[in-house]
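Undergrad: Here it is, the structure, as structure tokens.
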Amino acid sequence: MADKTQKIAKIRLSKLDHEEYRVDSAEEYDRRLSKLQKELLRIQQTYWHEKRRAIILFEGWDASGKGGAIRRMTEPLDPRGFHVWPISAPTAEEQSKHYLYRFWTKLPAGGTFAIFDRSWYGRVLVERVEKYTSKDNWKRSYDEIVEFERLLTDDGVRIVKIFMHITPDEQLERFRERLNNPYKRWKLTEEDLRNRARWNDYVKATEEMFDKTSTPTTPWHAIPSNSKWSARLNVLETVTKALKAGVNISPPPINGNVAKMAAEILGVIPEPAGE
Numbered sequence: 001m002a003d004k005t006q007k008i009a010k011i012r013l014s015k016l017d018h019e020e021y022r023v024d025s026a027e028e029y030d031r032r033l034s035k036l037q038k039e040l041l042r043i044q045q046t047y048w049h050e051k052r053r054a055i056i057l058f059e060g061w062d063a064s065g066k067g068g069a070i071r072r073m074t075e076p077l078d079p080r081g082f083h084v085w086p087i088s089a090p091t092a093e094e095q096s097k098h099y100l101y102r103f104w105t106k107l108p109a110g111g112t113f114a115i116f117d118r119s120w121y122g123r124v125l126v127e128r129v130e131k132y133t134s135k136d137n138w139k140r141s142y143d144e145i146v147e148f149e150r151l152l153t154d155d156g157v158r159i160v161k162i163f164m165h166i167t168p169d170e171q172l173e174r175f176r177e178r179l180n181n182p183y184k185r186w187k188l189t190e191e192d193l194r195n196r197a198r199w200n201d202y203v204k205a206t207e208e209m210f211d212k213t214s215t216p217t218t219p220w221h222a223i224p225s226n227s228k229w230s231a232r233l234n235v236l237e238t239v240t241k242a243l244k245a246g247v248n249i250s251p252p253p254i255n256g257n258v259a260k261m262a263a264e265i266l267g268v269i270p271e272p273a274g275e
């Protein structure tokens, strides 16, 4: 069960400040993004070398920028070291099994990141609000999810949980933008439009999810996302901070045999790795 000795601050979506992290210029955005991407690549190389594992999961409103944040996060990474899992409705076969079953097969191998675009939290969000499962089932799922994540973290998996929040007005503008762009219309679904009518129900479900499943080991990070630039930077800052906590990301030493052969065959003596 979750550690109850450390108090977790309550997250309330209406209290998030969308102006606090706003970026003033494209130059500032590009500079900060490049710096964070380079740092994330160094972190990935350390995880690969040391066979560490990480899960980075995204939840959030439709059109809140999850896909854009994931793209900026993965742009600099070695594709051998991560996998992005877009999660949609379970198949008929998956529905016949425990709801966590389909996620076990997507957990990261040693040295890799598993990135979830939506996740097992659908059980207590869309399945709850849309009544795809019973109240007894989704209420029981809080403890099941906390225990599931505890099993993973006890086994050495680092978990970062991101929720991207936009206001109803901002979502409306983004929906209009998608409708007016022939190359983005495919992103807008009937379900996206229906869900706006249940905004308050989703807020209630989301905040209860924070309260029930944010633990000292696997806290939720709610990202104000009305500004796409600031949200992407905030996501990368959150992810890099969480993944490198307690981890030495200095470059690993060169293999001794490789160094010897390089000197003999290439006439090159590798310089010591710098910070």
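If you're matching positions, the sequence shown starts at 1 in the UniProt record's numbering and goes up one per residue. Ideal Cβ placement from N, Cα and C applies to all residues, glycine included. Predicted, not measured: the structure shown is a model, and the values here were computed from it.
1) For Arg174 and Val126, I'd like the C-alpha separation in whole angstroms.
2) Where do the N-terminal and C-terminal ends of the beta strand (DSSP E) with Arg158 fall, by residue?
3) How many angstroms separate the CA atom of Glu271 from the CA atom of His49?
4) Alpha carbon to alpha carbon, how far is Val268 from Met152? Give it in angstroms, no decimals.
5) Going along the chain, which residues of its own chain have a beta-carbon closer than 6 Å to the beta-carbon of Gln44, five neighbours each way excluded?
6) Rounding to the nearest angstrom, what Cα-Cα distance links Glu94 and Leu57 in this structure?
7) Tell me whether Val268 sits in a helix, a strand or coil according to DSSP, three-state version.
8) Counting pairs of beta carbons, one from the segment 126 to 135 and one from the segment 197 to 210, are three or more of them closer than 8 Å?
9) Is Gly246 buried or exposed, if buried means 16 or more other CB atoms sit within 10 Å of its CB?
10) Between the alpha carbons of Leu40 and Leu236, how many angstroms are there, rounded?
11) Excluding the 5 residues preceding and the 5 following Val124 in the sequence, name in chain order all residues of the same chain whose CB lies nearer than 6 Å to its CB.
12) Let me know the secondary structure DSSP gives Trp61 once reduced to three states.
13) What is the rounded straight-line gap between the Cα of Lys106 and the Cα of Arg118?
14) Can you tell which of Asp24, Gly65, Lys35 and Tyr47 has the C-alpha that lies nearest to the C-alpha of Arg158?
15) Restricting to Cα atoms, I'd like to know which of Arg12, Gly156, Met73 and Ala231 is closest to Pro108.
16) When we look at the beta-carbon of Tyr101 and count the other beta-carbons within 10 Å, is it buried (16 or more) or exposed?
17) Go ahead and pull the three-state DSSP assignment for Ser221.
TA: Based on what the coordinates show:
1) 21 Å
2) Val157 to His165
3) 19 Å
4) Reading off the sequence, residue 152 comes out as Leu, not Met. Roughly 43 Å between the two C-alpha positions.
5) Leu77 and Gly81
6) 20 Å
7) coil
8) yes
9) exposed
10) 8 Å
11) Trp138, Ser141 and Met209
12) coil
13) 13 Å
14) Tyr47
15) Gly156
16) exposed
17) The residue you asked about is not Ser; residue 221 is His in the sequence shown. Three-state result, His221: strand.
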